[in-house]
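Trainee: My questions will all concern the structure given below.
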Amino acid sequence: MTLFGPDLPRPNPDEAVVYLLGPGVGESIVLALPDGRFVVIDVCRHSQTNLPLALLDHLGATTLELMVVTHPDLDHVRGVAEIINKKPPEELWRYPLEASIRDFLADWAGRRRLKSVEADLRAMGAYLRSPKGDVSTAAYGNREWSGDAGKYKVRALAPTEYDKDRAHRVLMRRLLKNKPELDAWLDKVRQGASPGDSPNVLSVAVLFELGTQRVLFGGDVLTGGRSPKSGWKGILRLLLKHNLGHLFEDLAAVKLPHHGSSSAFEPATWKLHSKSTKPIALAAPFSPSGLPDEATLKHLRPLARNLLVSSPHNALHAFATAGGWALANGKVLDGTTAPLVGLRMNAKTSTTDWFASKSAAAFA
Amino acid sequence: MALPSSLLLAEPQVPKTAASACVLRVYGDQDDPLRLTVLLAEHLATVVAGRDALAQTCLSPRSAWKERLAALSELLLGTRNGSAHYAAIIDPDGLARSKKPSWEDRASYRMSQDLRRVVIEAVDRGGWLIARPNPSPTLDDEIDGVQIEVDEGSIPHVAAEPAYARFAPDVRPTLTWLIETGRIAVKQVDDILEEVRDPNAYVVSMAYDTLPETARIAARALSVVRAPSHANGSYGAFKWADQPSVPTEVRRADVLTLQRAGFLVPDDLRRSSDWVMPRRARSFIESLARSIDAGVTTALHRALASDAQFDEQPTESQIEIHHHAARTGNVDLTRRTAKYFGFELRALATERSRSHHDYEGAAALFRDLVTNFDQTDAYAWEYLGYNLALATKGPPSDARAAEILAAYETAHRLDNHNPLYFGRFLGFRAQRGLDIRAQFEGAMQRYASHSDASDFMSWFVKPIFDGLVRGGRSQERDELLHNWRALLEWCAPKVLEKHAPGPA
Chain E
16 MTLFGPDLPR
26 PNPDEAVVYL
36 LGPGVGESIV
46 LALPDGRFVV
56 IDVCRHSQTN
66 LPLALLDHLG
76 ATTLELMVVT
86 HPDLDHVRGV
96 AEIINKKPPE
106 ELWRYPLEAS
116 IRDFLADWAG
126 RRRLKSVEAD
136 LRAMGAYLRS
146 PKGDVSTAAY
156 GNREWSGDAG
166 KYKVRALAPT
176 EYDKDRAHRV
186 LMRRLLKNKP
196 ELDAWLDKVR
206 QGASPGDSPN
216 VLSVAVLFEL
226 GTQRVLFGGD
236 VLTGGRSPKS
246 GWKGILRLLL
256 KHNLGHLFED
266 LAAVKLPHHG
276 SSSAFEPATW
286 KLHSKSTKPI
296 ALAAPFSPSG
306 LPDEATLKHL
316 RPLARNLLVS
326 SPHNALHAFA
336 TAGGWALANG
346 KVLDGTTAPL
356 VGLRMNAKTS
366 TTDWFASKSA
376 AAFA
Chain C
8 MALPSSLLLA
18 EPQVPKTAAS
28 ACVLRVYGDQ
38 DDPLRLTVLL
48 AEHLATVVAG
58 RDALAQTCLS
68 PRSAWKERLA
78 ALSELLLGTR
88 NGSAHYAAII
98 DPDGLARSKK
108 PSWEDRASYR
118 MSQDLRRVVI
128 EAVDRGGWLI
138 ARPNPSPTLD
148 DEIDGVQIEV
158 DEGSIPHVAA
168 EPAYARFAPD
178 VRPTLTWLIE
188 TGRIAVKQVD
198 DILEEVRDPN
208 AYVVSMAYDT
218 LPETARIAAR
228 ALSVVRAPSH
238 ANGSYGAFKW
248 ADQPSVPTEV
258 RRADVLTLQR
268 AGFLVPDDLR
278 RSSDWVMPRR
288 ARSFIESLAR
298 SIDAGVTTAL
308 HRALASDAQF
318 DEQPTESQIE
328 IHHHAARTGN
338 VDLTRRTAKY
348 FGFELRALAT
358 ERSRSHHDYE
368 GAAALFRDLV
378 TNFDQTDAYA
388 WEYLGYNLAL
398 ATKGPPSDAR
408 AAEILAAYET
418 AHRLDNHNPL
428 YFGRFLGFRA
438 QRGLDIRAQF
448 EGAMQRYASH
458 SDASDFMSWF
468 VKPIFDGLVR
478 GGRSQERDEL
488 LHNWRALLEW
498 CAPKVLEKHA
508 PGPA
């Protein structure tokens with residue numbers, strides 16, 4: 016079966032193309048830039064196919080310039096090692112504490128004879144031993160990457176120092192427990208128990224700027240705890256403190272954080288995102304939990320002009336209809352079966368159009 | 008009149024006046040008070056004439072802590088005159104841990120308090136150098152008003168960013184490295200100070216996380232070494248190698264990275280080529296090492312615990328060998344190398360009991376501790392009794408019962424404010440059919456007005472009620488429950504739930 020048809024949009028000197036891949040469990044974003052460079056944010060698989068890798072091959076990408084691994088949840092990292100091995104990125108941004116977590120989990124997986132997990136983790140470690148591998152932890156305000164004479168820029172906007180500290184303290188409590196207690200906890204996590212919100216607290220968020228247009232890729236950043244320093248509230252607080260509030264204003268599009276869950280929907284940020292123009296909302300669903308959820312779709316209706324979901328789950332249409340959304344026709348790609356939605360961003364006209372594959376859902 | 012004491016504001020460099028000073032470095036470990044007392048007393052014996060007996064008290068493994076401390080105080084009084092600094096202590100804040108100590112840590116916590124007091128009194132009299140790379144509020148308060156001069160030359164250079172000065176001196180090299188290598192942006196420094204609960208610990212942790220993988224492995228390996236070590240072609244017992252093939256080899260490049268990142272700092276007060284891992288970083292990284300590389304860490308301790316030619320080693324090295332021996336879990340080796348104190352054996356005894364359920368083995372170790380080491384060690388007496396009781400299936404013989412009772416009674420006598428020790432003592436008496444009523448009532452009245460009434464009551468009552476039941480005296484237990492029910496409902500609800508379930 017052909018995953019990507021011939022009419023899949025490709026970048027040109029005036030345009031960047033954003034592809035959001037998400038088969039229902041898993042999420043990956045591929046950015047094809049006007050100067051022919053590529054960025055991958057997270058990795059996911061569809062059956063046995065590594066979706067971003069297949070897309071890069073389809074687009075004829077021989078190199079990968081930047082890769083971002085937002086946080087250590089399997090639906091964002093499964094297949095990372097494959098990309099690293101086949102298209103080693105020139106630069107890799109990883110979530111904070113990645114090394115500490117990897118050292119620990121690799122050791123644990125090795126002791127438990129979970130060789131494939133251990134191999135994945137060690138493969139990433141092997142790449143990170145390269146000269147650039149040790150300088151790429153991404154967090155609020157510490158990474159910027161630009162090209163094409165400054166025509167576009169990618170910057171990290173999360174996690175904040177506050178959230179890194181929260182995750183660090185949780186991790187240390189776990190790491191420093193005695194071995195049997197720790198092993199019992201890890202076994203529970205392996206069997207499906209929630210590890211708590213630590214992975215999401217560490218999630219990197221990325222802002223892409225092309226000329227005057229901006230797209231926010233929200234990773235799995237949540238609204239945060241009660242503290243105004245946590246989650247989206249904390250990011251907004253720092254942006255305002257650093258006179259960068261405009262970065263959140265009038266966005267061209269937003270990749271919904273945490274697959275469009277209510278726990279990631281922050282009204283204060285959306286108020287800015289849609290200050291005078293409504294952005295397009297994109298979601299890679301997490302079908303087992305019914306994300307994006309009904310409440311988020313309802314909140315989004317007055318704030319976003321379109322809602323694009325890369326692979327709808329059973330309840331999505333009912334949720335969307337209840338929220339006031341209606342299916343949108345047109346701009347559906349022929350011949351592309353991959354679960355994807357995307358954006359064409361024109362730098363000259365400062366306009367953004369959407370497209371979707373046949374297996375995706377688009378609402379207006 | 009002694010030379011006034013000097014305060015150095017960072018990791019120190021050698022002042023001329025300290026050429027022959029005894030240099031003590033606090034590691035933040037449980038054996039610090041005993042280790043430092045031994046080393047200081049040994050040095051004082053060489054500078055204070057005619058006090059060998061006092062020094063011997065400090066060095067003898069059988070000496071009780073209070074005896075050692077009194078001997079050390081007296082030795083220190085003999086240093087009133089002198090034109091040079093006779094002692095230096097680096098990082099005394101490691102003796103002032105702010106966290107509430109765990110049950111096992113309480114003795115070390117108290118000994119640290121005692122030693123701090125004695126040292127600060129001596130500092131006030133002059134002749135000391137103090138370096139505080141990792142200052143704590145507790146010690147700030149305690150040295151407030153002490154006669155001490157700040158050595159202006161030691162004020163560390165603070166780079167262009169004034170915010171750096173708000174970090175502890177031991178963290179500044181790491182922060183500088185993070186910024187200079189582009190790992191964090193300068194503007195993040197303010198955010199860290201504003202948003203993070205413990206900015207110093209946070210910077211260390213984040214820097215560790217951004218080290219290359221091989222440097223992290225090297226850091227974890229080197230964290231088992233506490234003492235400053237010569238770094239030139241090797242780091243202490245660790246050989247430099249291009250491709251490390253055994254745990255005691257590290258890559259030279261990794262050592263250099265750790266030096267640049269502030270995870271190894273010069274220890275110039277001792278020897279100019281010595282380097283050491285600062286206490287804050289070592290404490291963090293060593294905890295990770297124990298968690299991540301438990302097998303490797305134990306192998307390293309084993310390699311560093313060789314007791315060949317032990318008697319020819321200097322005292323400081325002997326103490327380190329003993330420390331490494333204890334970390335291997337090898338009881339025989341730890342016992343053989345316990346030349347100055349047996350404190351590290353406690354952890355091995357506790358491990359035997361808690362993790363291996365070898366109660367007889369644990370009791371034997373605790374018996375050894377109270378027989379051949381500090382006979383005033385209340386913890387060792389208590390857990391001698393406790394492990395003997397656990398090891399005894401069915402009713403104990405008279406001889407065994409007498410040993411248990413004597414152990415519990417001694418622990419209570421030595422630490423009579425401890426409600427658990429008192430509770431276990433009375434509980435065992437109750438089990439043996441002895442009268443406990445008056446002592447129980449008296450203690451309950453005292454504990455009721457204590458600020459920690461809830462904890463005290465729970466620890467005290469449970470072993471007594473358990474003992475009464477085991478001794479077939481449930482009726483007496485019920486009477487005590489009835490008399491004290493209102494207070495127990497408030498202070499010890501879990502005990503009540505076990506012994507008197509249901510409504511009153």
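Keeping their order, the protein sequence lines are chains E and C. Just so it is clear: in the first sequence, position 28 is 43 by the working numbering, and no numbers are missing. Just so it is clear: in the second sequence, position 100 is 107 by the working numbering, and no numbers are missing. Backbone N, C-alpha and C fix where the C-beta goes; we use that ideal spot for every residue, glycine too. Just so you know, these numbers come straight off a predicted model, no measurement behind them.
Cβ of G233 of chain E within 8 Å of Cβ of K270 of chain E?
Mentor: yes
Trainee: Give the DSSP-derived three-state secondary structure of M213 of chain C in the structure shown.
Mentor: helix
Trainee: Name the DSSP beta bridge partners of F463 of chain C, please?
Mentor: Paired residues: none, contrary to the question.
Trainee: Quick one: what's D281 of chain C bridged to in DSSP?
Mentor: According to DSSP, D281 of chain C bridges with C:H237.
Trainee: What does G156 of chain E touch in chain C if you count any residue whose Cβ is under 8 Å from its own?
Mentor: In chain order: A192, K194, Q195, D198.
Trainee: Is A170 of chain C near P140 of chain C, with beta carbons less than 8 Å apart?
Mentor: no
Trainee: With H, G and I counted as helix, E and B as strand and the rest as coil, what does DSSP make of L342 of chain E?
Mentor: strand
Trainee: Where does the unbroken alpha helix (DSSP H) through K166 of chain E begin, and where does it stop?
Mentor: K166 of chain E -> no alpha helix (DSSP H), and no H or E assigned at all.
Trainee: Residue range of the beta strand (DSSP E) that R359 of chain E falls in?
Mentor: 355 to 361
Trainee: Taking just the CA atoms, how far does S280 of chain C sit from V211 of chain C?
Mentor: Near 24 Å, if we compare the C-alpha coordinates of S280 of chain C and V211 of chain C.
Trainee: What does V257 of chain C pair with, by DSSP beta-bridge criteria?
Mentor: C:W247
Trainee: Does the CB of M464 of chain C have a neighbour CB from chain E at under 8 Å?
Mentor: no
Trainee: What span of residues does the beta strand (DSSP E) with E30 of chain E cover, start to end?
Mentor: 30 to 36
Trainee: Between E:E105, E:I98, E:D88, which lies nearest to E113 of chain E when the distance is taken from Cα to Cα?
Mentor: E:D88
Trainee: Tell me where the alpha helix (DSSP H) around L290 of chain C begins and ends.
Mentor: For clarity, residue 290 of chain C is Ser in the given sequence; the question names Leu instead. From DSSP, the alpha helix (DSSP H) with S290 of chain C extends over 286 to 299.
Trainee: I need the straight-line Cα distance from M360 of chain E to W108 of chain E, nearest angstrom please.
Mentor: 24 Å
Trainee: If distances are taken between C-alpha atoms only, which option among C:H363, C:R361, C:R353, C:E483 comes closest to V377 of chain C?
Mentor: C:R353
Trainee: Just the Cα atoms here: how many angstroms apart are S277 of chain E and T311 of chain E?
Mentor: 5 Å
Trainee: For chain C, is any of its Cβ atoms less than 8 Å away from the one on K244 of chain E?
Mentor: Residue-level contact by beta carbon holds for K244 of chain E and chain C, with a gap shorter than 8 Å.
Trainee: For L287 of chain E and L222 of chain E, which I take to be in contact (beta-carbon distance under 8 Å), what is that distance rounded to the nearest angstrom?
Mentor: Actually they do not touch by this definition, with Cβ atoms about 13 Å apart.
Trainee: Tell me whether N215 of chain E is buried or exposed, calling it buried when 16 or more other Cβ atoms sit within 10 Å of its Cβ.
Mentor: buried
Trainee: Nearest to A95 of chain C by CA position, among C:A369, C:G392, C:S27, is which residue?
Mentor: The shortest C-alpha to C-alpha distance from A95 of chain C to any of C:A369, C:G392, C:S27 is the one to C:S27.
Trainee: I'd like to know if F119 of chain E contacts chain C, where contact means its C-beta is closer than 8 Å to some C-beta of that chain.
Mentor: yes
Trainee: If I follow the unbroken beta strand (DSSP E) through V324 of chain E, where does it start and stop?
Mentor: 321 to 324
Trainee: In whole angstroms, what is the alpha-carbon distance linking A493 of chain C and W466 of chain C?
Mentor: Each residue's Cα considered, the two are about 17 Å apart.
Trainee: If you measure from the beta carbon of R204 of chain C to each beta carbon in chain E, is any gap under 8 Å?
Mentor: Closer than 8 Å: yes.
Trainee: DSSP on Q63 of chain E, reduced to helix/strand/coil?
Mentor: coil
Trainee: H86 of chain E versus chain C: which residues are under 8 Å apart at the beta carbon?
Mentor: Within chain C, no residue has its beta carbon less than 8 Å from that of H86 of chain E; the closest one is some 14 Å off.
Trainee: Which residue wins for smallest C-alpha separation from T255 of chain C, given the options C:T304, C:M284, C:Q154?
Mentor: C:T304
Trainee: Using 8 Å as the limit for Cβ to Cβ distance, is H261 of chain E near chain C?
Mentor: no
Trainee: Enumerate in chain order the residues of its own chain whose CB-to-CB distance from G20 of chain E is below 6 Å, with the five nearest sequence positions on each side excluded.
Mentor: L348, D349, G350, T351
Trainee: First and last residue of the beta strand (DSSP E) that includes L31 of chain C?
Mentor: 29 to 32
Trainee: Quick check: the Cα distance between W369 of chain E and L71 of chain E, rounded to an integer number of angstroms?
Mentor: 19 Å
Trainee: Starting from V178 of chain C and walking both ways along the beta strand (DSSP E), at which residues does that stretch end?
Mentor: Segment: none, V178 of chain C is in no beta strand (DSSP E) and carries neither H nor E.
Trainee: Check the DSSP bridge columns for Q228 of chain E and list the partner residues they point to.
Mentor: Q228 of chain E pairs with E:L225.
Trainee: Can you find a CB in chain C that lies within less than 8 Å of the CB of Y167 of chain E?
Mentor: no
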